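Trainee:
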Amino acid sequence: MPIRASIFLFCLVRITMAQLLAQEEKEKTTALKDLLSRIDLDELMKKDEPPLNFPETLDGFELAFNEHGQLRHIHTGEPFVFNYKEDLHRWNQKRYEALGEIITKYVYELLENDCNLKKEILPEGYGVIVLNPNENSLEVEKVPDSAKKPSPDASDEPAEKRERKEERENKKKKDFYEKYRNPQKEREMEHIPIRENSTPEEHTLYVWDHFISKSLAKNIFIVAHSYGGLSFVNLMIQREAEVKNHVRAVAMTDSVHNVWHQEANKSIRDWLREHCCNWVSSPEPLDTLVDPMLNDCPRVSAGTEKHELTSWKSFHSIFKFFRDALKNHEDESSSSPVTTRSSHRIKNEDL
1 MPIRASIFLF
11 CLVRITMAQL
21 LAQEEKEKTT
31 ALKDLLSRID
41 LDELMKKDEP
51 PLNFPETLDG
61 FELAFNEHGQ
71 LRHIHTGEPF
81 VFNYKEDLHR
91 WNQKRYEALG
101 EIITKYVYEL
111 LENDCNLKKE
121 ILPEGYGVIV
131 LNPNENSLEV
141 EKVPDSAKKP
151 SPDASDEPAE
161 KRERKEEREN
171 KKKKDFYEKY
181 RNPQKEREME
191 HIPIRENSTP
201 EEHTLYVWDH
211 FISKSLAKNI
221 FIVAHSYGGL
231 SFVNLMIQRE
241 AEVKNHVRAV
251 AMTDSVHNVW
261 HQEANKSIRD
271 WLREHCCNWV
281 SSPEPLDTLV
291 DPMLNDCPRV
301 SAGTEKHELT
311 SWKSFHSIFK
321 FFRDALKNHE
331 DESSSSPVTT
341 RSSHRIKNED
351 L
């Protein structure tokens, strides 16, 4: 009996010590959690960073473009280094943005001085809209689970399970803090779809409905590259009457549209054959007629076999195509008889 009692007491002491250690660990975790919640990471970063005063020229940054158009350090020949100051991500980002402004001005100067281009502000009555159908979502850093509010019934969870969850959340918060301090660590990102613009087709339709169709432009011309051709055909299917009333011509460049797979009706196919031309990648000289794969619209060579250069290479041909289309439209409009009340009455009398 005495032996059994001593063994029982020993076990009881071990259990009590374990509970005390667990409670102490829990209190430490809670204290650390409270401390982290009080830390303002932005303010913490600002305390250690130098003033946000940056040079206003490339020389001031000790950078220059070499003969290959590469930005290099004028003394070492090394490329631009983002992490100029270790562990000061915010300061490095501001420095990077300041350099970006200088490079933007530099590129404008090259276009004006070396390419003999003239910078002009577009007057009222002349509009250019450049769509961006490839940007359908925003990439943001995924919010760590530790930032989420606990579920209402979290208090009903067993103590051991709750403690493990708190340890995981604490670890994630510390990891988040480390990533903020050290941007070299990979961040977990997520994509948030842009409302009503989550696909190229949606974006094209949205821009048409909210901007193009509401403009005062009477004559609209469209250049559609690659998947842009498919998006335009989709626009025609959705807004056929509006497009026919406003669009005078469509220049496609290496378009991937397919009127049959997209189920375009006969009137759309007929309109495309008359008002559209597709400059495709081809070894043939510019504007050489290319055998059509589908009987939807004329296909001519863009003068290059590189898909990404088809728009640039066919630039002058495209605007000649637009000028001719506009002239034809104006000629047709001027030759169309104007219906008056008297002419209408004569018609009725003749009938």
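Numbering (the UniProt record's numbering), first residue to last: 1 to 351. Every residue gets a Cβ at the ideal spot worked out from N, C-alpha and C, and that includes glycine. Just so we're clear, the structure is a prediction, and the values are computed from it rather than from any experiment.
What's the C-alpha gap between I103 and S137?
Mentor: If I take the Cα positions, the gap works out to 27 Å.
Trainee: Could you tell me whether the Cβ atoms of S267 and S226 are closer together than 8 Å?
Mentor: No, the pair does not count as a contact, with Cβ atoms beyond the cut-off.
Trainee: Using only the alpha-carbon positions, how far apart do E62 and N83 sit?
Mentor: Near 16 Å, if we compare the C-alpha coordinates of N83 and E62.
Trainee: Quick check on this structure: which residue in E169, T304, G228 and E263 has the alpha carbon closest to the alpha carbon of V130?
Mentor: Comparing Cα positions, the closest option is G228.
Trainee: Please look up how many angstroms separate the CB atoms of S301 and V280, rounded, as I've assumed it's under 8 Å.
Mentor: Contact flag correct, Cβ pair sits at about 7 Å.
Trainee: If you check the beta carbons only, do N234 and E201 fall under 8 Å apart?
Mentor: In contact: N234 and E201 (Cβ atoms closer than 8 Å).
Trainee: Verify whether the separation of the beta carbon atoms of F65 and R95 is less than 8 Å.
Mentor: Not in contact: F65 and R95 (Cβ atoms no closer than 8 Å).
Trainee: Taking the alpha helix (DSSP H) that A325 falls in, what are its first and last residues?
Mentor: Taken as a continuous stretch (DSSP letters only), the alpha helix (DSSP H) holding A325 covers F315 to S335.
Trainee: Please name the residue in K118, D59 and L216 whose C-alpha comes closest to that of V128.
Mentor: It is L216 whose Cα lies nearest to the Cα of V128.
Trainee: According to DSSP, is E166 helix, strand or coil?
Mentor: Three-state DSSP puts E166 in a helix.
Trainee: Taking Cβ positions, are E166 and T29 nearer each other than 8 Å?
Mentor: Their beta carbons are under 8 Å apart, which means E166 touches T29 by this criterion.
Trainee: Checking the sheet assignment: what are the DSSP bridge partners for A64?
Mentor: The partner list for A64 (beta bridge, DSSP) reads R72.
Trainee: Starting from I237, trace the alpha helix (DSSP H) in both directions and tell me its first and last residue.
Mentor: Per DSSP, I237 belongs to the alpha helix (DSSP H) from Y227 to Q238.
Trainee: If you compare alpha carbons, which of L88, K26, L205 and E97 is closest to T57?
Mentor: Ranking L88, K26, L205 and E97 by Cα distance to T57 puts E97 first.
Trainee: So what does DSSP say about Q184, is it helix, strand or coil?
Mentor: Since pLDDT at Q184 reaches only 46, below the 50 mark, its modelled position is unreliable, and the value read off the structure follows with that caveat. Three-state DSSP puts Q184 in coil, outside helix and strand.
Trainee: Where does G77 land, buried or exposed, given buried means 16+ other C-beta within 10 angstroms?
Mentor: Exposed, since its Cβ has fewer than 16 Cβ neighbours within 10 Å.
Trainee: Using the C-alpha atoms, what's the distance from F319 back to K118?
Mentor: Rounded to the nearest angstrom, the two C-alpha atoms are 19 Å apart.
Trainee: Return the residue from the list Y206, L230, I237 and H191 that minimises the CA-CA distance to A251.
Mentor: Out of Y206, L230, I237 and H191, L230 has the C-alpha closest to the C-alpha of A251.
Trainee: Considering E141, what are the terminal residues of the beta strand (DSSP E) in which it resides?
Mentor: Run containing E141: S137 to E141, per the beta strand (DSSP E) assignment.
Trainee: Rounded to a whole number of angstroms, what is the C-alpha to C-alpha distance between K274 and T288?
Mentor: What sits at residue 274 in the sequence shown is Glu, not Lys. Taking the straight line from one Cα to the other gives about 18 Å.
Trainee: Whose CA, out of A224, S213 and T253, lies closest to the CA of R239?
Mentor: Comparing Cα-Cα distances from R239 to each of A224, S213 and T253, the minimum goes to S213.
Trainee: Can you have a look at F232 and say buried or exposed, based on whether 16 or more other CB atoms are within 10 angstroms of its CB?
Mentor: It is buried - the Cβ of F232 has at least 16 other Cβ atoms within 10 Å.
Trainee: Quick one: give me the first and last residue of the alpha helix (DSSP H) that S267 is part of.
Mentor: K266 to H275 is the extent of the alpha helix (DSSP H) around S267.
Trainee: Output the residue ranges of the alpha helix (DSSP H) runs that lie fully inside the stretch 189-225 and measure 4 residues or longer, sorted by chain position.
Mentor: Here the runs fully enclosed are 200-207.
Trainee: Express the C-alpha separation of R195 and K313 in angstroms, rounding to a whole number.
Mentor: In a straight line, the C-alpha of K313 is about 35 Å away from that of R195.
Trainee: Please determine, among R248, S282 and H89, the residue with the shortest C-alpha to C-alpha distance to N328.
Mentor: Nearest option by C-alpha distance: R248.
Trainee: Once DSSP output is grouped into helix, strand and coil, what is the label at V107?
Mentor: DSSP places V107 in helix when its eight states are reduced to three.
Trainee: Check this for me: beta carbons of L326 and C297, under 8 Å apart or not?
Mentor: Not a contact, by the Cβ cut-off of 8 Å.
Trainee: Drop a sphere of 10 angstroms on the beta-carbon of A31, count the other beta-carbons inside from all chains shown, and report buried for 16 or more, exposed for fewer.
Mentor: The residue in question, A31, is exposed, as its Cβ has fewer than 16 Cβ neighbours within 10 Å.
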